[in-house]
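Novice:
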Amino acid sequence: MTTEPFQLTELPVLSRSAVTRDELIRKDEGALDALWQAGLVVLVDDLGRTPVTEDATALLPRRARELSATRPTEARLLGQDGDTAYWSVPADEPMREGAVAPPNAWGLWTGAVSEAGEHWHDLRAVGALLDDASAGLFTTAAGLANWHARARFCANCGSPVRAVAAGWATHCTGCGREEYPRTDPAVICLVHDGRGVNGESVLLARQPVWPEGRFSVLAGFVETGESLEACVEREVAEEVGVRVADVRYLGSQPWPFPRSIMIGFTATADPTAPLVPADGEIEQARWFSRETVRATLAAGGALDGLFLPGTTSIASRMLTGWAAAG
Ligand SMILES: [Zn+2]
1 MTTEPFQLTE LPVLSRSAVT RDELIRKDEG ALDALWQAGL VVLVDDLGRT PVTEDATALL
61 PRRARELSAT RPTEARLLGQ DGDTAYWSVP ADEPMREGAV APPNAWGLWT GAVSEAGEHW
121 HDLRAVGALL DDASAGLFTT AAGLANWHAR ARFCANCGSP VRAVAAGWAT HCTGCGREEY
181 PRTDPAVICL VHDGRGVNGE SVLLARQPVW PEGRFSVLAG FVETGESLEA CVEREVAEEV
241 GVRVADVRYL GSQPWPFPRS IMIGFTATAD PTAPLVPADG EIEQARWFSR ETVRATLAAG
301 GALDGLFLPG TTSIASRMLT GWAAAG
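Here the sequence shown is numbered in the UniProt record's numbering, starting from 1 and rising by one per residue.
1) Measuring only the C-alpha atoms, how far is L297 from P90?
2) Within the segment 108-166, note down every full beta strand (DSSP E) run reaching 3 residues or more, in order along the chain.
3) What are the partner residues of G280, as DSSP defines its beta bridges?
4) Grab me the residues of E74's own chain with a C-beta within less than 7 Å of its C-beta, minus the 5 sequence neighbours each way, in chain order.
5) Thinking just about the alpha-carbon of each residue, which of P185, V240 and R214 is nearest to the one in T224?
6) Which same chain residues end up closer than 7 Å to L43 when comparing Cβ atoms and leaving out the 5 residues on each side of it in sequence?
7) State yes or no: is the C-beta of R177 nearer than 7 Å to some heavy atom of ligand 1?
8) As a quick exercise: from L47, T312, D122 and V276, pick the residue whose alpha carbon is nearest that of R206.
9) Below 8 Å on the Cβ atoms is my guess for P254 versus G143; work out the distance and round it to an integer in Å.
10) Using DSSP's beta-bridge definition, name the partner residues of C175.
11) Which whole runs of the beta strand (DSSP E) in the segment 6-53 are 3 residues long or more, in chain order?
12) Helix, strand or coil for E223 per DSSP?
13) Pick out whichever of T268, F215 and L77 has its Cα sitting closest to the Cα of L35.
14) Let me know the secondary structure DSSP gives A58 once reduced to three states.
15) Excluding sequence positions up to five away, which residues of its chain have a Cβ less than 8 Å from the Cβ of R248?
16) Could you check what DSSP says for E200 in three-state terms: helix, strand or coil?
17) Look at the alpha carbon of I25 and the alpha carbon of A31, and state the distance between them as a whole number of angstroms.
18) Take F215 as the anchor and find which of F221, V126, F138 and I282 has the nearest alpha-carbon.
19) By the DSSP assignment, the alpha helix (DSSP H) with W106 in it spans what residues?
20) Are the CB atoms of F307 and G194 nearer to each other than 8 Å?
21) Using the rule of at least 16 other Cβ atoms within 10 Å of the residue's Cβ for burial, across every protein chain shown, is L47 buried or exposed?
22) Using the Cα positions of G301 and G310, report the straight-line distance between them to the nearest angstrom.
23) Report all residues from its chain with a CB closer than 7 Å to the CB of A56; omit the five preceding and five following residues, and keep chain order.
24) Within 10 Å of its beta-carbon, does F221 have 16 or more other beta-carbons around it, so buried, or fewer, so exposed?
25) Tell me T170's beta-bridge partners as DSSP assigns them.
26) Could you have a look at L228 and say whether DSSP puts it in helix, strand or coil?
27) Taking the straight line between their C-alpha atoms, what separation do you get for S68 and D33?
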């Protein structure tokens with residue numbers, strides 16, 4: 001019998017990183033030019049895809065100098081690994097759509113093949129397959145790309161902005177205001193029944209737009225003026241109509257689609273309380289036993305019509321941690 005409260009047994013896959021972020025160097029134009037010359041570039045297309053090896057275990061960055069003799073204005077410094085600087089640049093290459101995802105990829109996003117034969121994939125599809133350095137670089141590159149794509153005008157005066165600080169800020173051409181990459185916090189909560197230390201069953205729900213049979217833990221965006229813990233209590237009550245207690249932090253991972261961070265919690269609820277799925281938002285909510293979750297995870301995430309969240313999500317790590325703590 002486990003007496004310790006369960007934890008995430010592994011770091012969420014998009015929280016892995018192996019490069020150094022140096023804020024000071026982002027404003028040193030001379031240093032940035034030198035870092036470009038010795039740099040590698042993670043290309044990201046307008047659908048958020050980047051070239052990866054065929055088994056998707058690593059990125060296929062380009063040599064910066066071969067891409068451009070001088071540092072382009074849209075180059076974004078992702079970080080440094082020793083003497084190597086990693087950059088990201090928006091890509092616009094002709095693609096053949098519909099590339100088959102590598103084995104074990106999260107299959108909701110199809111890739112594409114470039115004319116050079118490179119496979120380009122979405123971070124959600126291949127995030128769990130990538131090595132630590134690649135996962136961290138791609139996550140940061142996707143986050144910066146999504147922010148720049150949606151922040152082209154000043155929120156204060158409406159004038160166009162231009163990227164500064166190696167892509168880590170924008171400067172308004174009208175009023176001079178500086179803006180930094182935005183992140184929207186969202187809570188995600190594994191609710192169990194509270195029996196013993198870690199419960200015997202878990203509350204999962206499905207949204208009507210999801211593929212049939214897919215269930216996951218509950219999640220929702222934090223509102224302005226709201227604490228993370230209050231958000232957990234409100235979201236669970238709104239989505240399935242139950243009150244939670246014992247809210248406890250588990251861990252977090254960036255989710256740059258387009259600009260979230262998922263903040264993971266666990267909480268308990270009474271499994272005999274009636275479940276009231278939110279109209280239009282939740283199609284069905286159910287309690288699942290630890291045995292069912294364990295068996296489904298052991299089968300690769302799908303068993304007997306139940307599909308658990310893809311391995312790139314923090315939800316997958318949360319369920320794995322809970323299932324392991326009997
Ligand atoms: Zn402005």
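Quick reminder that beta carbons are idealized off the backbone N, C-alpha and C, glycines included. These figures come from a predicted structure and were not determined experimentally.
Specialist: With the structure as the only source:
1) 37 Å
2) 111-114, 119-122 and 161-164
3) In the DSSP output, where bridge partners are listed per residue, G280 has none listed.
4) V89, P90 and A163
5) P185
6) T50, P51, R62, V89 and A91
7) yes
8) V276
9) 6 Å
10) Answer is none; C175 lacks a bridge partner.
11) 39-44 and 49-52
12) coil
13) L77
14) coil
15) P5, F265, T266 and A267
16) coil
17) 7 Å
18) I282
19) No alpha helix (DSSP H) holds W106; DSSP gives it neither H nor E.
20) no
21) exposed
22) 8 Å
23) P102, A105, H121, V126, L129 and L130
24) exposed
25) A163 and E179
26) helix
27) 12 Å
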